[in-house]
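Working notes for the structure below.
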Amino acid sequence: YFYNVDNEANAVCGYGLSKQEDGKAGVLQLWSFVLSEQERIVGSASPNFFQKIYSRTKVLGDRSVLYKYVNPNIVFVAAEAVDQQDPKLSIYLIDTVTGRVVYRIAHKGAQGPVNAIFHENWVVYQYWSVRGNRYEVSVLELYEDEPLKHSQSIASHILEVMSNMNRTNVVSSYAPINVRVLGQSYIIGIGIKAMAVTTTSLGITANQVLV
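Written out as structure tokens, the structure reads:
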């Protein structure tokens, strides 16, 4: 599967490979996500498909565990309102296999340009706040929304992993799970022209965002 973010057509399209009658491989459009005429795409980002992830969980202060929602087929798309009299920045997280919108949020009184970086289960993006007359940065973290997993302690989690070591978990975009998104916004005093994230060979060291 692969996709294309077309700024001119104001759309995101997903494609797959199909076998033609002559035996050659062809390209088949599977889905399309077309934005309304009141919006235009101003930024996009996607995670590295081959990124190394050391831990797929986050331990909270009460020793409960959050399971990261890690999906390399998610694309981040930002679109601003065409009408500058009523500025609004819409954020879409789209599954590029099925075209399903995993999450969306709107920042009223905001507009592009947007610079973003997507890594593991989080995305960081900067935009211009017209209302506050300043640059702002927002962070979205994606986790599996399964209450049973959230209520487990660290010891229960380790026991479950050890008891299921020989089992294979099947994850598919065609069998989606509920996603819990945690978000936070910050004020930043400078405009960002480019963003990147630090990585290591095994993914053990904490990642840092470079601007």
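For the sequence shown, position 172 (counting from the first letter as 1) is numbered 411 according to this note's numbering, and the numbering increases by one without interruption.
The beta carbon of each residue, even a glycine, is placed where N, CA and C say it ideally should be.
Member of K307, S283, R370 whose CA lies at the smallest distance from the CA of I426:
When the alpha-carbon of I426 is set against those of K307, S283, R370, the nearest one is in R370.
Look up Y425 in the DSSP assignment and give the residues it is bridged to.
V376
V418 in three-state terms, based on DSSP
strand
Could you check where the beta strand (DSSP E) with N243 kicks off and where it finishes?
That run of the beta strand (DSSP E) goes 241–245.
Distance, A317 Cα to G282 Cα:
5 Å
Only counting the same chain, and skipping five residues up and downstream in sequence, which positions put a Cβ closer than 6 Å to that of R419?
Y382, D384
Thinking C-beta only, is G262 closer than 9 Å to F241?
no
What first and last residue would you give for the beta strand (DSSP E) that runs through I458?
Outside the displayed range of the chain (240 to 450) lies residue 458, so it cannot be described from this structure.
By DSSP's criteria, I333 is part of a beta bridge. Which residues make up the other side?
V314, V340
Beta-carbon separation of I333 and V251 under 9 Å?
yes
Name the two residues that bound the continuous beta strand (DSSP E) containing E260.
From DSSP, E260 is part of no beta strand (DSSP E); its letter is neither H nor E.
What residue range does the beta strand (DSSP E) around V450 cover?
Counting along the chain, V450 falls outside any beta strand (DSSP E), and DSSP gives it neither H nor E.
Taking the alpha carbon of S257 as the reference point, which residue from E247, Q268, Q324 has its own alpha carbon closest?
Selected option, being the one with the closest Cα: Q268.
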